[in-house]
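Every letter in the sequence shown is one number past the one before it in UniProt numbering, and letter 219, counting from 1, is 219. Working notes for the structure below.
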Amino acid sequence: MLELTITLEDGSHIVQRRLAPVLIGRDVRADLRLGGWRVAREHARLYVQEGEIGLDDLGSLAGTLINGKRVVQQVGVRPEDEIFIGGHRLQVRRAMVPPVEETPAAPAGAAAFPAGGGEEAAAHDPRFDEWRRRVHAGLLEAIDLRRRDISRMSDAALREEARRLVDGLVAELAHELPAELDRAALCAAVVDEAVGLGPLELLMQDAEISEIMVNRHDEVFIEKSGRLFRHAVGFSSEAAVLGIIERIVAPTGRRIDESSPMVDARLKDGSRVNAIIPPIALKGPSLTIRRFPSRRLQMPELVSRGALDEPMAQFLALCVRERKNIVVAGGTGSGKTTLLNVLSGFIPAGERVVTIEDAAELRLDHEHLVSLEARPANVEGRGAVSIRDLVRNALRMRPDRIVVGECRGAEALDMLQAMNTGHEGSLTTLHANTPRDALARLETLVLMAGMDLPLGAVREQIASSLDILVQQVRTASGARRIAAIVEITGVESGRIQLQTLFEAGGEAGGFRSGGVVPSFYEAWREAGVLTSVDLFYREAGDAHRARL
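Here it is, written out as structure tokens:
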């Protein structure tokens, strides 16, 4: 007889007992049914051999993990081991009692976690949430965590203090707690909600999740592989969400309250955070976390994922090394920042790089790097430092390259002037859906500087400053890829001229060259940087090549 404890993402759990062997999967014939698209129909099998518990992964795509390590063959399982199957956490031990359903009872053959909306919709004991709210309220009475200077206190120390208080509260309430309620899980859930990210802690550990969206305290969505799913986790109350938002915002020196109900911040791992609270958010506090890969991507990985092909990668690397000014344009979530990080990796090591961002997201692996971050106004409305202020200041810092995380205002004019006056090879991003839209948006941003410049002068400035525009897109399947690489060749008849060097749409949805060489190719050829035109004539036919 095996006793299985299944812990959900919100800390709640159910306990079930089954006769060995136990087939785990989402098939109706499985002894333990788990919902969710990451769970195979026949995912894994638990068995008892010579008195010891063993586990065998049945070849599932997502795999089975024990204590964070993927199972590649039959292995033994101890009671303290944690088994991860499709987002579910299990622990198993031998139980010498007849099989019985516990917490909560489930009809025979019913799934322990009914699948819904493509992601797990976990059924759990409602008493757990009730007690979690009660203990959490008691903890807030015992210690006002929001007034603690957590920037001076280590996470480990703060968590240990909270755990000590929660253990004491649970001990005081021991005579009232239901006997079948897991007290360790209750304590862990309260501590996570009080000093961590609450039920989001486990989601943050899942490398496949790229975005976490809290619409209200009991409504959480996640993004995986470019697709959105409703998740079963939830917070105990709106106050719990507000507490987490305040703990995220406080170390960054920013604030969020009724007078300033929106804020951008970041977590320690670099994840970008946007929060908005009532009265602006009508459903309650809303939190959006954009996660970035724990490991910085390299160009070969983008090529292998189909974001671009090898000739495009070679060309972009040469453009960065040869100090061409590059703008990466694209819609929200199209991968602009990721590509900017990758391109920055080709900046020669001996150059001084200054990065400027509204909320720090770039993670450049460069020896000579200065990172600057804008700052909003304080409670009195003073002390704001804008992106434009930082761009102007960067010009006095002897930079070889200036990298602006995103141009979204009047700083576009200062950025163009820097590119045109000795800071070639600078990089930035811009929100736009097409290359032509990117130029129109750039014109608008320059006019926002209030210099009363004629449109013709603005276009001349853009054409003389920018060399390459890379258009990023996010496909219907959620994949990020480069749609086009275009060169800005000048102004003719009052219109900025573009020529497409590479674009998506080759065979099998791949990429093709535009059939033209960049205007700076001759200079590259004379310098020995690029001596062949083969990069620019794939699928373009020999007729173009014959014109050379």
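Glycine included, every Cβ here is placed at the ideal spot set by N, Cα and C. Remember, it's a predicted structure, so these values are computed and weren't measured experimentally.
Write down every uninterrupted run of the alpha helix (DSSP H) in the segment 144-206 whose length is 4 residues or greater and which is fully enclosed by it, in chain order.
155-172, 183-195 and 200-204
Short of 7 Å in beta carbon distance, which residues of its chain neighbour E52, apart from the five on each side in sequence? Order them along the chain.
G76
How would you call R38, buried or exposed, if buried means at least 16 neighbouring beta carbons within 10 angstroms?
buried
Taking C-alpha atoms, which residue in R495, L200, S286 and G528 lies nearest to E238?
S286
Spatially closest choice to Y47 from E80, V92, F84 and R41, by CA coordinates:
V92
Return the CA-CA distance between Y537 and F315, expressed in angstroms with no decimal places.
13 Å
Presumed contact (8 Å Cβ cut-off) between R132 and A189, rounded CB distance:
5 Å
Reference L186, options A484, S464, M204 and L139, closest by Cα:
L139
For the beta strand (DSSP E) containing R78, list its first residue and its last residue.
No beta strand (DSSP E) holds R78; DSSP gives it neither H nor E.
Let me check one thing: in DSSP terms, what residues is V328 bridge-paired to?
T429 and V470
By Cβ distance, which residues of its chain are closer than 7 Å to I85, with the 5 residues on each side in sequence left out?
I24, L34, V39, H43, A44 and T64
Quick check on the DSSP output: the alpha helix (DSSP H) that includes S304 runs from which residue to which?
M299 to S304
Candidates P376, A349 and M1: which alpha carbon is nearest L19's?
M1
Can you look up D269 in the DSSP assignment and give me helix, strand or coil?
coil
Cβ of R321 within 8 Å of Cβ of P278?
no
Roughly how many angstroms lie between the CA atoms of I14 and V328, to the nearest whole one?
49 Å
I need the DSSP call for S386, collapsed to helix, strand or coil.
coil
Would you grab the beta carbon distance between P435 and L469 for me? Rounded to a whole angstrom, and I think it's under 8 Å.
5 Å
Please say whether Q472 and G330 have beta carbons closer to each other than 8 Å?
yes
How would you call L501, buried or exposed, if buried means at least 16 neighbouring beta carbons within 10 angstroms?
buried
Near E373, which residues of its chain fall below 6 Å by C-beta distance, leaving aside the five closest residues on each side in sequence?
E357 and A360
Closest to T428 by C-alpha separation, out of V72, E411, L447 and C407, would be which residue?
C407
Tell me the start and end of each unbroken beta strand (DSSP E) in the segment 444-531 that is at least 3 residues and wholly inside, in chain order.
468-474, 480-492, 495-504 and 511-513
Between which two residues does the beta strand (DSSP E) containing M213 stretch?
I209 to R216
Give the straight-line distance between the Cα atoms of R375 and A394, rounded to the nearest whole angstrom.
15 Å
DSSP three-state call for P104: helix, strand or coil?
For P104, the predicted model reports a pLDDT of 35, less than 50, meaning its position is unreliable; a value from the coordinates is still stated below. P104 falls in the coil class under three-state DSSP.
Completely contained beta strand (DSSP E) runs for the segment 216-242, where each covers 3 or more residues:
219-224 and 227-231
Three or more C-beta pairs below 8 Å linking the segment 190-203 and the segment 220-236:
yes
Coil, strand or helix - G117 by DSSP:
With a pLDDT of only 33 at G117, under 50, the local geometry of the prediction cannot be trusted, and the value read off the model is given with reservation. Correct three-state label for G117: coil.
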